[in-house]
Every structure is written in C-alpha cells, then in structure tokens.
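Positions 10 to 273 (the working numbering) are the ones given, in order, by the sequence shown.
Data first, discussion second: the structure below is written as structure tokens.
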Amino acid sequence: MDTRPIGVFDSGIGGVTVLKEIRKLLPKENIVYYADTARVPYGPRPASEIQEFSLDAVNFLMKKDIKLLVIACNTVTAVAFDYIVRNVDIPVIGVIEPGVRAVRNTKDIKRLGLIATKATVDSNAYQNRLKSQNNDLIINAKACPMLVSIVEEGWADTEISKLIVERYLENMKKDNIDALILACTHFPVLRNQIEEYVEDVRIIDPAEETALELEKVLKAYNILNESEADGEVEFYVSDSAEKFKSIAKNLVEIDRVDEVEIGY
Ligand code: DGL
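Structure representation (structure tokens):
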C-alpha cells in the first residue's frame, strides 16, 4: 500500500487522454500531472532538447514525491525513455510498449497506418518494435505536427481540424490500411473526425493498454493505493493555466491548474 502520487507527464494536453484511462482503471490513485505548455510542441525538436526538457519535468515531479512516472507522451518515450530511466530511481512507464502491444492485440493487420510527431516517426521506435514482432507488417508512418497545435489551441472538432485531418490522412486512406495507431497522445482528442474520415479502418489508441501496464507495475512493486477514498489529481503547467483547463475539462474532471516556472 502506497498513497504517494503517480507522476504523469506530457508536453501539453495530450497526456490527459492517458490520464483519463488511468483514472478509469485506478480511481484510488493520487496523480500529479505536469504539462510543459510553455515549450509545447516537442515533436519538431531535436532529441537532445527533448531530453533536456523532459528532465526538467521529471525533476519537478520527483519533488512531489511520486512513486512512479508515466511518460504520457510518445515523443518523449521515443527519444528520452532510457535517458529518464537512468536519471530516476522509481519505475517508469512509457506509451510505446503498450502501443505495440495494442497493435499485437488487434487481429489481422497487414497494413498499419501510424500517425505521430516528427520526432517519433524519425526515431523509428515504433517501426523497429513492430517489425521485430512481425516482419511482414507494412507500416505507413506519417508525421502530423499540425494536429498537436490544433488540439493545444482547442480547435478539435471544428471545420479547420476536419480539413487538416483529411489532408494528412488522404494518402493513407488510399493505401488501404487495416488499422491506424494514434501514436501521439494528442490525437485521441481528434478521434471522432479521424474515425469518420478513415471509415472502417480500426483505430488503435495506446492509452488503455498503458493504464493496464501501470496497474501491472504497481502490483509488481506492491505500491498500489488501496485507500477507501478516491484519489486526487493535481495539475501543473508551465504556461497558460486557464487555456489548459478550458480544453482539459472536456476530457477529465479538473478543478484547478497551477502555473509553475520550470527549467528556464
Ligand atoms: N503528446 C506528444 C506525443 O504523444 C507530442 C506532442 C508534441 O509535439 O509536443 O508525442
């Protein structure tokens, strides 16, 4: 039994899609969520910078006495996972292994579409892992950086997002993919429009599998929170607390968001 909070980190609002699944599966857990909204997006940045920014976030969360860290960001998982693990002495979970498992659990995929940030696509983190378990899988990977900005602006489910989703996915749709993995935690916010456009293509969101992995690791380390009461979530951002709150409230219950100055 361990009532200390779990740290959840993303560059912005995207990690809230993972947080939502964690809350559903593990409502007793206390959580501290940190979004680096002053420096989002991370996707177009070089790996060294993403690592440096991630460490700022992790150091902030460590001061909150977290018992485990969830990197609720594919970009950070792709380019900074090992780096973070080397710098902390608590268990760390990323979203890519769960994402790969979610693909494995989806039957009969021959052609997989993968949409993510540029850093995630260029890292080949997904492609290498997916290929190592099924060398015949055809992967059509595409960086969709504007989708991150659209979600951060609160422009999901608008005419603008519809047009941009369609523009990014046009060729993938022609490529007859069987399934599409949302390999950026911002993208589930656009799931309705994505689903509508690609029609009968199955959509894979690693978030649920990430929550399941979290549960497994909490049990393995014997650090589950078995309190009677439901846990609480604290939100911190490095910029624009009100804007973050106005968008995140469509995804999870959110009371207050505090702005903190980190790393710059
Ligand atoms: N949410 C992040 C991810 O899953 C990336 C967004 C960004 O570019 O900062 O990759």
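Note that the Cβ used here is the ideal one computed from N, Cα and C, for glycine as well.
Just so it is clear, the structure is predicted and the values come from calculations on it, not from any experiment.
Could you spell out the range, first to last residue, of the alpha helix (DSSP H) harbouring residue i?
i: K171; result: E168 to K183
i: D91; result: N83 to N96
i: V79; result: Careful: V79 lies outside any alpha helix (DSSP H), inside the beta strand (DSSP E) at L77 to I80.
i: N137; result: A134 to Q142
i: S20; result: Looking at the DSSP string, S20 is not in any alpha helix (DSSP H), and its letter there is neither H nor E.
i: S249; result: Looking at the DSSP string, S249 is not in any alpha helix (DSSP H), and its letter there is neither H nor E.
Tell me the DSSP secondary structure of residue i in three-state form.
i: A56; result: helix
i: I212; result: strand
i: E268; result: strand
i: R13; result: coil
i: V104; result: coil
i: A47; result: coil
i: D239; result: coil
i: I40; result: strand
i: E61; result: helix
i: T194; result: coil
i: N68; result: helix
i: I159; result: helix
i: I256; result: helix
i: A165; result: coil
i: T219; result: helix
Is any heavy atom in ligand 1 found nearer than 6 Å to the beta carbon of residue i?
i: D19; result: yes
i: G163; result: no
i: C9; result: As shown, the chain starts at 10 and ends at 273. That puts residue 9 outside it, with no answer to give.
i: Y43; result: no
i: P50; result: yes
i: N83; result: yes
i: G23; result: yes
i: T194; result: yes
i: V157; result: yes
i: T26; result: no
i: T126; result: yes
Cβ of residue i less than 7 Å from any chain C Cβ?
i: P107; result: Within the model displayed, chain C is absent; a lone protein chain is all it includes.
Does ligand 3 have even one heavy atom less than 6 Å from the beta-carbon of residue i?
i: T115; result: Here the bound small molecules are ligand 1; ligand 3 is not part of this structure.
Locate the beta strand (DSSP E) running through residue i, then write down its first and last residues.
i: F244; result: V242 to V246
i: L191; result: A188 to L191
i: I203; result: Note, I203: premise wrong, no beta strand (DSSP E); alpha helix (DSSP H) at R200 to V207.
Among all the DSSP beta bridges, which residues are the ones paired with residue i?
i: I147; result: R120
i: A152; result: A125
Residue i and residue j: beta carbons closer than 7 Å?
i: D19; j: A47; result: no
i: E218; j: P107; result: yes
i: I59; j: A89; result: yes
i: R154; j: P53; result: The residue you asked about is not Arg; residue 154 is Pro in the sequence shown. For P154 and P53, yes; Cβs fall inside 7 Å.
i: E188; j: L121; result: Before going further, note that residue 188 is Ala rather than Glu in the sequence given. Contact: yes.
i: E268; j: V246; result: yes
i: I105; j: T84; result: no
i: K76; j: R13; result: yes
i: I190; j: I213; result: yes
i: I232; j: V210; result: no
i: G16; j: V49; result: no
i: N6; j: M181; result: Past the edges of the chain, shown from 10 to 273, lies residue 6, and the structure says nothing about it.
i: P36; j: D166; result: no
i: L260; j: K29; result: yes
i: A81; j: V157; result: no
i: I8; j: V67; result: No answer is possible for residue 8: it lies beyond the span of the chain, which begins at 10 and ends at 273.
i: L146; j: Y135; result: no
i: Q202; j: K171; result: yes
i: L223; j: I102; result: yes
i: V2; j: K254; result: It is not possible to answer for residue 2, since the shown part of the chain is limited to 10 through 273.
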